[in-house]
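S.K.: Below you will find the structure I want to go over with you.
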Amino acid sequence: MRNLMIAAAAAVAMLVPAAAQAQDQRNFVLINGTGRTISELYISPTNENSWEEDVLGVDTLAELEKTAIHFADAVDECVYDLKIVHDDGDAAIWTGINLCENTFVSAQYQDDGTPIAQVGNE
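In case it helps, our numbering puts the sequence shown at residues 9 to 130.
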């Protein structure tokens with residue numbers, strides 16, 4: 009987890025000045041509450057028909073681990089979808105998450121397997 013945080017911070021630091029990183033209201037912390045390891049994470053505006061790159065890269069996110077996600081683009085959107093791929097290849101999509109109003113997202117599943125996100129501010 010520490011390596012993931014360092015790599016993510018270094019990658020973002022190279023792309024965006026520190027002041028811009030701190031000001032992007034879409035930055036959030038993802039908490040893995042799925043009960044499974046996350047091996048890939050894709051984030052795209054809800055109105056897009058394709059996924060951006062895997063933001064985890066070669067890292068994984070174990071159950072109950074968290075990672076900070078920093079945006080480095082100029083897109084003026086607040087509502088995003090998250091696609092999570094688990095280490096066994098199964099994937100699920102969390103839709104309509106307003107990242108401008110929330111600083112953390114806990115990706116979880118309901119008892120019937122439906123993806124649900126608990127969101128809020130830290």
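Every residue, glycine too, gets a C-beta built ideally from N, C-alpha and C.
Remember, predicted model here, so these are calculated numbers, not experimental data.
1. Taking the C-alpha atoms as reference points, what is the distance between E48 and D62?
2. Decide if the region 107 to 116 is in contact with the region 33 to 46; the criterion is three or more beta carbon pairs, one per stretch, under 8 Å apart.
3. With a Cβ-Cβ cutoff of 7 Å, do I4 and L69 count as a contact?
4. What do you get for I105, buried or exposed, if any count of 16 or more other CB atoms within 10 angstroms of its CB means buried?
5. Which complete beta strand (DSSP E) runs does the region 56 to 85 hold, if anything under 3 residues is left out?
6. Would you give the residue range spanned by the beta strand (DSSP E) that N40 belongs to?
7. Consult DSSP for D89 and reduce its assignment to one of helix, strand or coil.
8. Give the secondary structure of Q116 by DSSP, where H, G and I count as helix, E and B as strand, and everything else as coil.
M.R.: Reading off the structure:
1. Taking the first residue of the sequence shown as 1, we reach residue 48 at position 40. Taking the first residue of the sequence shown as 1, we reach residue 62 at position 54. Those two C-alpha atoms are separated by around 6 Å.
2. yes
3. Since the first residue of the chain shown is 9 and the last is 130, residue 4 is not available in this structure.
4. Against the sequence shown, residue 105 aligns to sequence position 97. Buried: at least 16 other Cβ atoms inside 10 Å.
5. 74 to 77
6. The count along the sequence shown starts at 1 and reaches residue 40 at position 32. Its beta strand (DSSP E) spans residues 36 to 41.
7. Position 81 of the sequence shown holds residue 89. It is a strand residue.
8. On the sequence shown, residue 116 is found 108 positions in, with the first residue counted as 1. Here Q116 sits in strand by DSSP.
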